[in-house]
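J.: Below are the structure tokens for one structure; questions will follow.
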Amino acid sequence: DAGITQSPRYKITETGRQVTLMCHQTWSHSYMFWYRQDLGHGLRLIYYSAAADITDKGEVPDGYVVSRSKTENFPLTLESATRSQTSVYFCASSPGVRSNEQFFGPGTRLTVL
Amino acid sequence: QKEVEQDPGPLSVPEGAIVSLNCTYSNSAFQYFMWYRQYSRKGPELLMYTYSSGNKEDGRFTAQVDKSSKYISLFIRDSQPSDSATYLCAMSTNAGKSTFGDGTTLTVKP
Chain A
1 DAGITQSPRY KITETGRQVT LMCHQTWSHS YMFWYRQDLG HGLRLIYYSA
51 AADITDKGEV PDGYVVSRSK TENFPLTLES ATRSQTSVYF CASSPGVRSN
101 EQFFGPGTRL TVL
Chain B
1001 QKEVEQDPGP LSVPEGAIVS LNCTYSNSAF QYFMWYRQYS RKGPELLMYT
1051 YSSGNKEDGR FTAQVDKSSK YISLFIRDSQ PSDSATYLCA MSTNAGKSTF
1101 GDGTTLTVKP
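Chains A and B are the protein sequences, given in the same order.
For what it's worth, our numbering labels the leading residue of the first sequence as 1, then goes sequentially.
For what it's worth, our numbering labels the leading residue of the second sequence as 1001, then goes sequentially.
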């Protein structure tokens, strides 16, 4: 399917477990982003990537790890999940050249018990 | 203080009303100004995109940027129940990433 997809769409896990959220885009966009969205905080940037093998921290990176070995994939890993990481996670991509428009995925709703 | 401040809402208006959504910012390096619309349980989608100062119109929607005042607005004319959503302003320099406001939730009542 063309566009940007996220998996899983819903995930329930326990404190201390490792969780990986997947993001895949078919446009070959240079930039990819991970956000979390919580009531009262809007969209907060976790990590972003300007190209394959280039990643940088956003506003709230602690407890998260990212990698980008291929342009189209940008997985987000919670190394040891905590209850405070219960949130909705959005992945986005952007061409980044002459346009800063971001295209968002449908989101992953993560609950940490 | 946040770089981008958005009127918090929520906002409730009758169908047909004119809606004004507003954001202020502190970073004078911002050049790109965007409005995203987010329906409940969906990802945000771009609604309007403006480069530098001025107005941009698209159907019932008008985006306005005043860089001298560091203030942007989105106007919705003849609002419809289908416009009920959360509206997020976003701004960026030329670095690829954007800074988002916290969003304003709008409800348009029939």
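Backbone N, C-alpha and C fix where the C-beta goes; we use that ideal spot for every residue, glycine too.
#1: Residues of chain A with CB closer than 9 Å to the CB of E1045(B), please, in chain order.
#2: Fully enclosed by the region 1019-1089 of chain B, which beta strand (DSSP E) runs are 3 residues long or longer?
#3: Given Y1032(B), which residues of its chain have a CB within under 8 Å of its CB, disregarding the five upstream and five downstream residues?
#4: Contact between the region 1002-1010 of chain B and the region 73-89 of chain A is defined here as three or more beta-carbon pairs at a separation below 8 Å; is this criterion met?
#5: For chain A, is any of its Cβ atoms less than 8 Å away from the one on G1016(B)?
#6: Can you pull the chain B neighbours of A50(A), defined as C-beta to C-beta under 8 Å?
#7: With distances taken from CA atoms, which of A1017(B), P1044(B), Q1080(B) is nearest E101(A)?
#8: If the cut is a Cβ gap below 7 Å, which residues of chain A does G1103(B) touch?
#9: Is the CB of S1028(B) under 8 Å away from at least one CB in chain A?
T.: According to the data block:
#1: What E1045(B) touches in chain A: F103, F104.
#2: If we require 3 residues or more, the beta strand (DSSP E) runs fully inside the region 1019-1089 of chain B come out as 1019-1025, 1032-1038, 1045-1051, 1054-1058, 1061-1066, 1071-1076.
#3: The residues are Y1049, T1050, Y1051, M1091, S1092, T1093, N1094, S1098.
#4: Contact check between the region 1002-1010 of chain B and the region 73-89 of chain A: fewer than three CB pairs, one atom from each, fall below 8 Å, which does not count as touching.
#5: No, because no Cβ of chain A sits closer than 8 Å to the Cβ of G1016(B).
#6: Residues of chain B passing the Cβ test: G1096.
#7: Out of A1017(B), P1044(B), Q1080(B), P1044(B) has the C-alpha closest to the C-alpha of E101(A).
#8: Correct list: G42.
#9: At a cut-off of 8 Å between C-beta atoms, S1028(B) does not count as an interface residue with respect to chain A.
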